[in-house]
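Worksheet: one structure, shown below.
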DNA sequence: AAATAAAATTAGGTAAGCCTAATTGTGTAT
DNA sequence: ATACACAATTAGGCTTACCTAATTTTATTT
């Protein structure tokens, strides 16, 4: 059995590894988990003994296959619960993270399979993050930051690369939602801001910071 | 904040107090929580210091008003989750207890209010147990054990007085469900078994053990 | 290569929530 | 009133998951 703490460490290691593509450092883990670095060193030694991670002293950690599967399972649960919270309980996409952080630790495979079925086997959560299947497999899509598009591109908004409440609320306020069609009309060379047309109607100016964090697929 | 352990103690004390109508003994608590009596003594002292319970050494404990409200809130959450698991996720009434035991500890008032709304403000869980409102108030009904009925009574099956899986599964197997109409046709004096007619169709013989645990309201 | 800064580890400690073994209290039968 | 049985408590200990302070390792600058 994996404890609550172990699950949180595994999830954090998975995410940091995805983000940086390298061994995860003690300090990075300490920072994300808001736990003292000395405590982290302590804990990862125990996790390594349990073969959940591989640990090279002073060099960092990475997930074993077993640890990776557990991490993906937690992520799967988190994202399914987020779908439920938004689609069925009426929460906004910036309100669900904390609640899903609790729900993700509920243990019952049958519950999760029934939930998945109940939700119609969603492929992504309310922020466009892909939901792995029960065996930890993703059905990858070809999304990329809007920043990488060029003038004239017609794309679909499929996810966010930044999950802060302030960014999510900015998008809500700006009336930009998952699934929207975006056409790139002008790219301002000077500051990399984009002038776009949303759903063939509204014309909007988006800063570099914003287009960097909007994930889209070319239509 | 109340810890997981405290919530479980409060719930157990509430239920034992309801059942026996008296101060709850250390040994009764130890038995229901499957925790050593010495640990219970230890823990209830700390809970008393926090004013969650009142504790008289060697005499037992009872809930303070604060403790009672927390206990009722946990029970409310447990029962709402059970309704959801049965009505929306397709679980059977004998499959939901363990999962609800985990879900009941998720903290978010907004979640529970949204869930309650989503479920249509149910008054009872899948076993007929009443669901207290957010302020810990019950809307009592007038149910009693079928055993207390007399020949000719026409009643509605509204709940169970015993929650064991074996009893629930016996009822399922016997095709007896919450909401069924039951007419008492014959009471066998010798062994207190009841001959009943269910939903104006099926005739059934129910042992004393069973009629003791079927809760009904007279129609 | 030496000095310094930053990161990681070690050592020792704490609180929560449990345990066993020993002791004390309480209630019932003689 | 005394003895016995059982319930409750006390005392001392353990594990998990954290902490701070001190030390060591690694990386960076001069």
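Protein chains in written order, with the numbering used here: chain S, 10 to 228; chain E, 10 to 228.
For each residue, glycine too, the CB sits at the ideal point set by N, CA and C.
The beta-carbon distance between residue 192(S) and residue 163(S), rounded to whole angstroms, is 5 Å. This is short enough to meet the 8 Å contact definition.
With its beta carbon less than 9 Å from one in chain S, residue 97(E) belongs to the interface.
Nearest C-alpha to residue 39(S) among 25(S), 31(S), 194(S) and 61(S): 25(S). In the structure shown, residue 50(E) adopts helical secondary structure according to DSSP, grouped into three states. Contact between the stretch 61 to 77 of chain E and the stretch 87 to 98 of chain E is absent, with fewer than three C-beta pairs closer than 8 Å. In the DSSP assignment, residue 154(E) is bridged to 224(E). For residue 225(E), the closest C-alpha among the options 17(E), 198(E) and 185(E) is that of 185(E). Residue 213(E) and residue 32(E) have their C-alpha atoms some 40 Å from each other. When DSSP states are grouped into helix, strand and coil, residue 81(S) belongs to the helix group.
Judged by DSSP secondary structure, residue 163(S) falls within the beta strand (DSSP E) whose first and last residues are 163 to 169.
Straight-line spacing of the CA atoms in residue 227(E) and residue 36(E) works out to 38 Å. Listed in chain order, the positions of the stretch 99 to 117 of chain E with a beta carbon within less than 9 Å of a beta carbon of chain S are 99, 100, 104, 107, 108, 111, 112, 114, 115, 116 and 117. Assignment of beta-bridge partners to residue 203(E) by DSSP yields 196(E) and 215(E). Inter-segment contact for the stretch 77 to 95 of chain E and the stretch 134 to 151 of chain E is present: three or more beta-carbon pairs are separated by less than 8 Å. In the structure shown, residue 133(S) falls within a strand segment according to DSSP collapsed to helix, strand and coil.
The secondary-structure analysis by DSSP pairs residue 69(E) across a beta bridge with 65(E). From the beta-carbon of residue 87(S), no residue of chain E is found nearer than 9 Å; the closest lies around 13 Å away. Within the model, the alpha-carbon separation for residue 148(S) versus residue 132(S) is close to 8 Å. The C-beta separation of residue 160(E) from residue 196(E) comes to about 6 Å, placing the pair in contact by the 8 Å criterion.
Under DSSP, residue 105(S) shares a beta bridge with no residue.
By the neighbour-count criterion, in which a residue is buried when 16 or more other Cβ atoms sit within 10 angstroms of its Cβ, residue 172(S) is exposed. Under the three-state reduction of DSSP, residue 92(E) is assigned to helix. Residue 41(E): member of the alpha helix (DSSP H) spanning 35 to 42, first to last residue. At a cut-off of 9 Å between C-beta atoms, residue 91(S) does not count as an interface residue with respect to chain E. In this structure residue 58(E) is exposed. Its beta-carbon is surrounded by fewer than 16 other beta-carbon atoms within 10 angstroms. Residue environment for residue 168(E): buried (at least 16 other C-beta atoms within 10 angstroms of its C-beta). As DSSP reads the structure, residue 190(E) sits in a beta bridge with 165(E).
Under the DSSP definition of a beta bridge, residue 139(E) partners with 133(E). Close CB contacts of residue 105(E) within its chain, under the 8 Å cut and outside five residues either way in sequence, are with 90, 91, 94, 95 and 135 (chain order).
Here residue 13(E) is exposed: its Cβ has fewer than 16 other Cβ atoms, across all protein chains shown, within 10 Å. Proximity of chain S to residue 124(E) at the Cβ level (cut-off 8 Å) is accounted for by 98, in chain order. Shortest Cα-Cα distance from residue 125(S) to any of 150(S), 152(S) and 87(S) involves 87(S).
Assignment of residue 172(S) by DSSP, reduced to helix, strand and coil, places it in the coil class. Residues of chain E with a Cβ closer than 8 Å to the Cβ of residue 177(S) do not exist, since the nearest Cβ in that chain sits about 17 Å away. Taking residue 11(E) as the centre and dropping the five residues before and after it, the same chain places the C-beta of 19, 61 and 79 closer than 8 Å to its C-beta, in chain order. Cβ-Cβ distances below 7 Å link residue 41(S) to 21 and 25 in the same chain, with the five nearest sequence neighbours on each side left out; the list follows chain order.
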